[in-house]
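Q:
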Amino acid sequence: MPSNKPIILSPSSDSPALPEECDPARDDTVGWRFASDSRTFRYADQTDSLTTRLVGLGGTSAIGLAILAGLFLTWQTYTAMPPPATLTAFNVARPAAPPEPVREVPPGPEQVKKDKPVPKPQVPEIEAPKIVIPTANVVAATPPAKLVPPDPGPPVKDTTAPASKPVPPAPQVSSGRPTWQGLVLGALDKVKRYPRDAHFARQQGVPYIRFAMDRQGKVLSVRLERSSGVRSLDNEALALPKRAQPLPKPPEDVKGEAIELVVPVEFLIT
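Residue 230 in the numbering used here is what sits at position 230 of the sequence shown, and the numbering runs on without skipping anything.
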């Protein structure tokens, strides 16, 4: 008579395993199967408790979440990668030079718009007064030439008895010194200038100067013999001889290597 017990396959082979005795009270809870003297275990036949299943489910979920989190972070990192750096050239203009500081200039006098220039009336030039030098104040005159009385000749016998008339004296020989003096005075007069301040102040005077010159007309020294009382007139008189040099050469009858002259210089406003 055939047996009603089920045949249990062993996990190691497909051959039928030996029948085992089964306890109906443990068959639904434990899931263990026994064959002959050895015990055969299969995971599919194990029945876990609720706590074990929850722990396993939680661990699986945690692993799955960890994998998803890793994939999400990897995707974010990949999508957030910046584009490769590129080299871009720019034309940068040089900075403009700083403007020069403006110097503060103090305000000057207010400029008034000038009208068209009015032609100035022509003023006639004032002629400088001429130097009048009396001949008495010039160099001391040389001794006059000696007069030689005429030779009376041999005496003549008076036959008629009338008295003989006296012979007039010979005229004195005139020297050329006044002509040379006139040349010297003319040379001084050409370079004479009336001082402007004295002319505006209507100041007049006659300073006397003494100067020495050599025979070539070069002035050796100048000094003031007598002041006019106005300094500008005295200074102008002292500057005349050197300004007019070389002066006219003295004639041969004027002796000496250095000739000294005393000259009055007149500054008169006419």
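Glycine included, each C-beta is placed from N, C-alpha and C at the ideal position.
Computed from a prediction, not measured in an experiment: that's the story for all the values here.
#1: Name the one or two DSSP bridge partners that G205 has.
#2: Is V222 near R231, with beta carbons less than 9 Å apart?
#3: Distance check for R193 and E252, CA to CA, integer angstroms please.
#4: Straight-line CA distance for I67 to L50?
#5: Tell me whether P241 is buried or exposed, calling it buried when 16 or more other Cβ atoms sit within 10 Å of its Cβ.
#6: Classify Q216: buried if its beta carbon has 16 or more other beta carbons within 10 angstroms, exposed otherwise.
#7: Count the other C-beta atoms from every protein chain shown that fall within 10 angstroms of the C-beta of D234, then say buried if there are 16 or more, exposed otherwise.
#8: Near K249, what residues of its chain come up, given a Cβ to Cβ distance below 7 Å and the 5 sequence neighbours on each side ignored?
#9: Alpha carbon to alpha carbon, how far is G229 from Q204?
#10: Please classify A69 as buried or exposed, where buried requires at least 16 neighbouring CB atoms within 10 angstroms.
#11: Cβ of E260 within 9 Å of Cβ of A187?
#12: Are V265 and A237 touching if we call contact CB-CB under 9 Å?
#13: For the candidate residues Q181, V263, L247, E257, whose alpha-carbon lies nearest to that of V206?
#14: From this set, V254, T60, A258, L268, which residue's C-alpha is nearest Q181's C-alpha?
#15: Would you tell me roughly how many angstroms separate the C-alpha atoms of K190 and L247, rounded to the nearest one?
#16: Just to confirm the assignment, what range does the alpha helix (DSSP H) spanning E236 have?
#17: Given a cut-off of 9 Å on the beta-carbon distance, is the pair Y208 and L224 in contact?
#18: Taking the alpha helix (DSSP H) that R196 falls in, what are its first and last residues?
#19: According to DSSP, what are the bridge partners of A258?
A: So, from the listed chains and residues:
#1: Translated into the one-based positions of the sequence shown, residue 205 becomes position 205. According to DSSP, G205 bridges with F267.
#2: Counting from one through the sequence shown, the residue named residue 222 turns up at place 222. Counting from one through the sequence shown, the residue named residue 231 turns up at place 231. No, Cβ-Cβ distance for V222 and R231 is not below 9 Å.
#3: In the sequence shown, counting from the first residue as 1, residue 252 sits at position 252. In the sequence shown, counting from the first residue as 1, residue 193 sits at position 193. Using only the alpha carbons, I get a separation of about 32 Å.
#4: Along the sequence shown, read from residue 1 onward, the residue named residue 67 stands at position 67. Along the sequence shown, read from residue 1 onward, the residue named residue 50 stands at position 50. Going from the Cα of I67 to the Cα of L50 covers about 26 Å.
#5: Indexing the sequence shown from 1 puts residue 241 at position 241. Buried, by the Cβ-count rule.
#6: Working through the sequence shown from its first residue, we reach residue 216 at position 216. The residue is exposed, with fewer than 16 neighbouring Cβ atoms inside 10 Å.
#7: By one-based count along the sequence shown, residue 234 stands at place 234. The residue is buried, with at least 16 neighbouring Cβ atoms inside 10 Å.
#8: Counted from its first residue, the sequence shown places residue 249 at position 249. Within the same chain, K249 has close Cβ partners R215, Q216, G217.
#9: In the sequence shown, counting from the first residue as 1, residue 229 sits at position 229. In the sequence shown, counting from the first residue as 1, residue 204 sits at position 204. Approximately 9 Å between the Cα atoms of the pair.
#10: For the purposes of this step, residue 69 is identified with residue 69 of the sequence shown, where counting begins at 1. So A69 counts as exposed.
#11: One-based indexing of the sequence shown puts residue 260 at position 260. One-based indexing of the sequence shown puts residue 187 at position 187. Contact flag unset, no.
#12: Translated into the one-based positions of the sequence shown, residue 265 becomes position 265. Translated into the one-based positions of the sequence shown, residue 237 becomes position 237. Yes. Within cutoff.
#13: What you label residue 206 is simply residue 206 of the sequence shown in a count that begins at 1. Per the Cα distances, V263.
#14: To locate residue 181, count along the sequence shown from 1; it is residue 181. Taking only the C-alpha atoms, the option nearest Q181 is V254.
#15: In the sequence shown, the residue the question calls residue 190 occupies position 190. In the sequence shown, the residue the question calls residue 247 occupies position 247. Going from the Cα of K190 to the Cα of L247 covers about 12 Å.
#16: Residue mapping note: residue 236 aligns to position 236 of the sequence shown, counting from 1. Looking at the DSSP string, the run of the alpha helix (DSSP H) that includes E236 is 231-244.
#17: Position 208 of the sequence shown, counted from the first residue, corresponds to residue 208. Position 224 of the sequence shown, counted from the first residue, corresponds to residue 224. Contact flag set, yes.
#18: Position 196 of the sequence shown holds residue 196. Its alpha helix (DSSP H) spans residues 196-200.
#19: Within the sequence shown, the letter at position 258 stands for residue 258. Paired residue(s): D214.
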